[in-house]
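Here the sequence shown is numbered in UniProt numbering, starting from 1 and rising by one per residue.
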Amino acid sequence: SKLSSTYKIKVCARYLEGNATGMAILDVGLLTGFKPIIEDLKKLVTDGTVQFYELTRRSVAFYVESIPTNADVCLEFGLEKEFAIGQIQSSYVKVYSYYDPDTSCTEFYAPDNSSPLLKLHCDDTEVCACAEGGCPPEKPLARFLKESEDDTERRESLREFVCDKVDYVWLGTPQDKYTRDGFKYVVFKIKQVLKPGREAEEDLHGKTRHIKARERCASFDLELKKDYVVMGLDSEYLEHVEYGPDQPLYIMDAAAMVLPKSTRSKPTRDLTTWFIKEFSNEESRCFT
Numbered sequence: 001s002k003l004s005s006t007y008k009i010k011v012c013a014r015y016l017e018g019n020a021t022g023m024a025i026l027d028v029g030l031l032t033g034f035k036p037i038i039e040d041l042k043k044l045v046t047d048g049t050v051q052f053y054e055l056t057r058r059s060v061a062f063y064v065e066s067i068p069t070n071a072d073v074c075l076e077f078g079l080e081k082e083f084a085i086g087q088i089q090s091s092y093v094k095v096y097s098y099y100d101p102d103t104s105c106t107e108f109y110a111p112d113n114s115s116p117l118l119k120l121h122c123d124d125t126e127v128c129a130c131a132e133g134g135c136p137p138e139k140p141l142a143r144f145l146k147e148s149e150d151d152t153e154r155r156e157s158l159r160e161f162v163c164d165k166v167d168y169v170w171l172g173t174p175q176d177k178y179t180r181d182g183f184k185y186v187v188f189k190i191k192q193v194l195k196p197g198r199e200a201e202e203d204l205h206g207k208t209r210h211i212k213a214r215e216r217c218a219s220f221d222l223e224l225k226k227d228y229v230v231m232g233l234d235s236e237y238l239e240h241v242e243y244g245p246d247q248p249l250y251i252m253d254a255a256a257m258v259l260p261k262s263t264r265s266k267p268t269r270d271l272t273t274w275f276i277k278e279f280s281n282e283e284s285r286c287f288t
């Protein structure tokens, strides 16, 4: 079916803490291949919804007087198709305080499952999915180190998290890196399966898998030939990757963790070393 040439996007925000924010910015990323309808943006200014806006090729930043705690601030404007795109990726909305940019929230959005925008992506594939959900944490073990000064408590807290919250854990080495469609990919050679997920241990040992994160994720800047532990959630989807057959989709998002095997911080290094040793033994991984 042919795509419509225009779509509406509606963005709402509410401040969840304390008093209203003071001046705030809603930075709305644009879907690739689309541009905003300028008349709609101007109307948001004339009707007082926003004070002014800044338009770039990638986003529209709306400046609002404040974001209250007792009601939503909503912006609605049209998107116009500028050129055809073969694969619709998600984009983002970032809301932050003008005077305190660290007070911020970022969410991703994409056409919903019934949208013809996604049907375009699905024409030649069995599955269409949009990867959302942010980046792996910058300091993944910090939460366990802060919880307690006691090594045993730190270890058990990490064990509980890994056993309950992630599906797979691998130790391995990045062999290659590439970018595609707004994602950074790492060709990851698996040396050891510390916790098997959807794919069995014997199917992964010594093999490579393509793992990916959003291109903006600084926490996914892995060095080639250096050992890492990666962990995350399984996906029901398959993905076409370069240099090989389709494979399960492995996304390094906010639910994932990437740990260098060796690091300068002794507490972090000690906890990582214990974890690898403990999870190398099937008997001592997770207690049921």
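Idealized CB from N, CA, C, for every residue including glycine.
Check whether the Cβ atoms of residue i and residue j lie closer than 8 Å to each other.
{"i": "threonine 69", "j": "arginine 14", "result": "yes"}
{"i": "threonine 179", "j": "lysine 189", "result": "no"}
{"i": "valine 28", "j": "valine 93", "result": "yes"}
{"i": "serine 157", "j": "glutamate 149", "result": "no"}
{"i": "leucine 194", "j": "isoleucine 276", "result": "yes"}
{"i": "leucine 271", "j": "arginine 154", "result": "yes"}
{"i": "arginine 198", "j": "aspartate 167", "result": "yes"}
{"i": "tyrosine 99", "j": "isoleucine 25", "result": "no"}
{"i": "methionine 252", "j": "alanine 200", "result": "no"}
Taking the alpha helix (DSSP H) that residue i belongs to, which residues open and close that run?
{"i": "alanine 142", "result": "142 to 147"}
{"i": "aspartate 40", "result": "38 to 46"}
{"i": "isoleucine 190", "result": "Taken as a continuous stretch (DSSP letters only), isoleucine 190 belongs to no alpha helix (DSSP H), being part of the beta strand (DSSP E) at 183 to 195."}
{"i": "lysine 277", "result": "266 to 280"}
{"i": "aspartate 234", "result": "Counting along the chain, aspartate 234 falls outside any alpha helix (DSSP H), and DSSP gives it neither H nor E."}
Rounded to the nearest angstrom, how far is the Cβ of residue i from that of residue j, given a contact under 8 Å?
{"i": "lysine 184", "j": "glutamate 76", "result": "Incorrect: roughly 33 Å between the Cβ atoms, too far for contact."}
{"i": "proline 140", "j": "valine 258", "result": "7 Å"}
{"i": "serine 219", "j": "proline 136", "result": "5 Å"}
Mind checking which residues open and close the beta strand (DSSP E) that includes residue i?
{"i": "isoleucine 25", "result": "24 to 29"}
{"i": "serine 104", "result": "104 to 109"}
{"i": "threonine 152", "result": "Threonine 152 -> not in any beta strand (DSSP E); alpha helix (DSSP H) instead, spanning 151 to 165."}
{"i": "glutamate 214", "result": "Inspection of the sequence shows that residue 214 is occupied by arginine rather than by glutamate. Where arginine 214 is concerned, the enclosing beta strand (DSSP E) stretches over 208 to 214."}
{"i": "isoleucine 9", "result": "6 to 13"}
{"i": "glutamate 201", "result": "Counting along the chain, glutamate 201 falls outside any beta strand (DSSP E), though it belongs to the alpha helix (DSSP H) covering 201 to 204."}
{"i": "glycine 78", "result": "73 to 81"}
{"i": "alanine 254", "result": "First-last for alanine 254: undefined, no H or E at that position."}
Going by CA-CA distance only, name the one from the options that's closest to residue i.
{"i": "lysine 177", "options": "Trp170, Cys12, Glu215", "result": "Glu215"}
{"i": "cysteine 163", "options": "Glu223, Ser262, Leu233, Thr6", "result": "Leu233"}
{"i": "arginine 58", "options": "Ile25, Gly33, Phe52, Gly78", "result": "Gly33"}
{"i": "glycine 244", "options": "Asp40, Arg209, Leu204", "result": "Arg209"}
{"i": "leucine 30", "options": "Ser265, Gly182, Glu17, Asp253", "result": "Gly182"}
{"i": "leucine 41", "options": "Met23, Val11, Ser66, Glu17", "result": "Val11"}
{"i": "glutamine 247", "options": "Val187, Asp151, Ile67", "result": "Val187"}
{"i": "glutamate 65", "options": "Gly22, Lys207, Lys43, Leu224", "result": "Gly22"}
Given residue i, which residues of its chain have a CB within under 7 Å of its CB, disregarding the five upstream and five downstream residues?
{"i": "serine 115", "result": "With a pLDDT of 45 at serine 115, under the threshold of 50, the modelled position of that residue is not reliable, and no figure is offered here."}
{"i": "serine 104", "result": "Lys94, Val95, Tyr96"}
{"i": "valine 241", "result": "His210, Gln247"}
Once you ignore the five residues that flank residue i on each side, which residues in its own chain have a CB closer than 6 Å to its CB?
{"i": "alanine 129", "result": "Note that alanine 129 scores a pLDDT of 35, beneath 50, so its modelled location is shaky; the value from the coordinates is reported in the next line. Around alanine 129: Tyr237."}
{"i": "glutamate 278", "result": "Ser284"}
{"i": "arginine 269", "result": "Thr263"}
{"i": "glutamate 80", "result": "Thr6, Lys35, Ile37"}
{"i": "leucine 249", "result": "Ser235, Tyr237, Glu239"}
{"i": "threonine 125", "result": "Annotation note: pLDDT 33 at threonine 125 (below 50); position unreliable, no value reported."}
{"i": "residue 302", "result": "With the chain covering 1 to 288 only, the question about residue 302 has no answer from this structure."}
{"i": "glutamate 138", "result": "Ser219"}
Can you find a heavy atom of the ligand ZN that lies under 7 Å from the Cβ of residue i?
{"i": "tyrosine 92", "result": "Among the components modelled here there is no ligand, and therefore nothing to report on the ligand ZN."}
Leaving out five residues on either side along the sequence, give the residues of the same chain with a beta carbon under 8 Å from the beta carbon of residue i.
{"i": "aspartate 227", "result": "Leu171, Gly172, Thr173, Lys191, Pro260, Lys261, Ser262"}
{"i": "lysine 165", "result": "Ala255"}
{"i": "glutamate 82", "result": "Gly33, Phe34, Lys35"}
{"i": "valine 45", "result": "Gln51, Phe52, Tyr53"}
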